[in-house]
Amino acid sequence: MSDSVSQTEVEIRNANGLHLRPAMQLVDTASRFMSDVKISNGKTSVDGKSIMQVTMLAASAGTKLTITARGSDAQMATEALKDLIENKLCGEQSRQAERKSAG
Amino acid sequence: MKIADVICAKAVIPRLEAVKRDDAIRELIGALDKAGKLSKGSTADVARAVIKRENEASTGIGKGVAVPHVRHKAVKKVVAAIGVSATGIDFSALDKQPVYTVILLISPTEGDQHLQAMEAIFEHLQNDNFRKFLRQSETVEQIKELLVEADQNPSW
Numbered sequence: 052m053s054d055s056v057s058q059t060e061v062e063i064r065n066a067n068g069l070h071l072r073p074a075m076q077l078v079d080t081a082s083r084f085m086s087d088v089k090i091s092n093g094k095t096s097v098d099g100k101s102i103m104q105v106t107m108l109a110a111s112a113g114t115k116l117t118i119t120a121r122g123s124d125a126q127m128a129t130e131a132l133k134d135l136i137e138n139k140l141c142g143e144q145s146r147q148a149e150r151k152s153a154g
Numbered sequence: 005m006k007i008a009d010v011i012c013a014k015a016v017i018p019r020l021e022a023v024k025r026d027d028a029i030r031e032l033i034g035a036l037d038k039a040g041k042l043s044k045g046s047t048a049d050v051a052r053a054v055i056k057r058e059n060e061a062s063t064g065i066g067k068g069v070a071v072p073h074v075r076h077k078a079v080k081k082v083v084a085a086i087g088v089s090a091t092g093i094d095f096s097a098l099d100k101q102p103v104y105t106v107i108l109l110i111s112p113t114e115g116d117q118h119l120q121a122m123e124a125i126f127e128h129l130q131n132d133n134f135r136k137f138l139r140q141s142e143t144v145e146q147i148k149e150l151l152v153e154a155d156q157n158p159s160w
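Line by line, the protein sequences give chains A and B. Just so we're aligned, residue 52 is where the first sequence starts under our numbering, counting upward by one. Just so we're aligned, residue 5 is where the second sequence starts under our numbering, counting upward by one.
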């Protein structure tokens with residue numbers, strides 16, 4: 052079985068950035084895949100399956116990250132991570148919901 | 005941001021008395037309060053907020069380390085305390101292992117200081133030697149020296 056490489060660029064959208072909880076979500080998702088996952092902010096490249104390393108990116112809102120997966124499920128991994136980071140990270144949605152419920 | 009600038013030297017506790025998670029959090033917050041880092045009369049509320057956050061999702065990130073934290077109006081500037089436990093504390097950590105090093109971080113409600121402080125702290129925490137030395141430290145002086153040394157040699 053040959054390894055494939057998949058790369059995608061994402062932008063951090065939740066207002067508080069990639070703080071601990073979203074970083075944990077990211078690591079959880081990355082860890083579901085066989086592929087190696089590297090995340091880079093242009094300066095630092097870290098292991099997407101290590102919570103200590105991902106938190107080191109300290110990515111604030113608006114930061115662009117490059118995700119590179121290498122392995123048999125590389126493309127599924129980058130797609131899942133892009134979807135998570137751009138649409139599902141905890142923080143922003145929950146605050147919007149709070150504002151709505153507060154009237 | 006340097007880790008030595010974030011850690012309040014008067015809130016470094018090489019031998020935590022607490023053996024339970026919430027007590028350890030209160031012990032560290034009490035030390036920050038004594039050092040004058042929190043606005044008056046806010047300790048109980050800060051402790052409640054940190055424990056609430058901890059209950060939502062553990063900050064026990066594995067390898068014997070927990071980083072309980074919250075954004076709170078009791079501080080204008082990010083401040084952190086360090087506690088080392090000889091016995092280990094159950095933080096419901098990701099790897100289910102006891103926690104020997106607790107770094108408590110209180111950040112202002114606005115701004116990027118929180119992320120920058122986390123970056124500085126995690127940069128050192130992922131270093132095996134840093135974690136090992138921190139856990140073995142027995143005095144405040146040893147921990148202070150370790151922090152300064154770590155800031156000076158990011159790749160040691």
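Backbone N, C-alpha and C fix where the C-beta goes; we use that ideal spot for every residue, glycine too. For clarity, every value in this text was computed on a predicted model and none was experimentally measured.
Limits of the beta strand (DSSP E) - the one that residue i falls within
i              : result
S57 of chain A : S55 to E62
Beta-carbon gap between residue i and residue j smaller than 7 Å
i               : j               : result
V83 of chain B  : K41 of chain B  : yes
H76 of chain B  : A53 of chain B  : yes
N65 of chain A  : L140 of chain A : yes
L138 of chain B : T105 of chain B : yes
I90 of chain A  : L116 of chain A : yes
G66 of chain B  : D94 of chain B  : no
I63 of chain A  : A120 of chain A : no
C12 of chain B  : A39 of chain B  : yes
A131 of chain A : L119 of chain B : no
A35 of chain B  : A22 of chain B  : no
T59 of chain A  : I118 of chain A : yes
G99 of chain A  : D54 of chain A  : no
7 Å CB neighbourhood of residue i in its chain, flanking five on each side removed
i               : result
A154 of chain B : I7, H128 and F134
Identity of the residue in the options nearest residue i by Cα
i               : options                           : result
R25 of chain B  : B:S96, B:I17, B:P18 and B:A15     : B:S96
V144 of chain B : B:A85, B:K136 and B:V71           : B:A85
E60 of chain B  : B:A90, B:I93 and B:H73            : B:H73
I136 of chain A : A:A81, A:Q126 and A:A125          : A:A81
Q126 of chain A : A:S111, A:V88 and A:D98           : A:V88
V78 of chain A  : A:I118, A:S111, A:V61 and A:V105  : A:V105
G68 of chain B  : B:K38, B:Q130, B:Q156 and B:V152  : B:Q130
T33 of chain A  : A:T95, A:A74 and A:F84            : This structure leaves residue 33 of chain A out entirely; chain A is present only between 52 and 154.
L20 of chain B  : B:Q117, B:V152, B:V103 and B:K136 : B:V103
V56 of chain A  : A:Q76, A:T95 and A:S86            : A:S86
Segment limits, alpha helix (DSSP H) that includes residue i
i               : result
V16 of chain B  : Not the alpha helix (DSSP H): V16 of chain B falls in the beta strand (DSSP E), residues I11 to I17.
I118 of chain A : Not the alpha helix (DSSP H): I118 of chain A falls in the beta strand (DSSP E), residues K115 to G122.
D155 of chain B : V144 to Q156
M122 of chain B : Q117 to L129
K133 of chain A : A125 to D134
L138 of chain B : D132 to Q140
Same chain only: Cβ atoms within 6 Å of residue i, ignoring 5 sequence neighbours per side
i              : result
A78 of chain B : L42, S43, S46 and V50
Sequence-distant residues of the same chain with beta carbon closer than 8 Å to residue i, five excluded per side
i               : result
T113 of chain B : R75, H76 and K77
S141 of chain B : P18, V88, I147 and L150
V10 of chain B  : V82, V83, A84, L109, A121, A124 and I125
Exercise. Which parts of the stretch 33-109 of chain B are runs of the beta strand (DSSP E), unbroken and 3 residues or longer, counting only runs that do not cross its ends?
Worked result: Segments of the beta strand (DSSP E) lying fully in the stretch 33-109 of chain B: 64-66, 73-75 and 83-93.
For this session: Please list the segments of the alpha helix (DSSP H) lying wholly inside the stretch 62-106 of chain A, counting only runs of 4 or more residues, in order along the chain.
Result: Whole alpha helix (DSSP H) segments, 4+ residues: 71-82 and 102-106.
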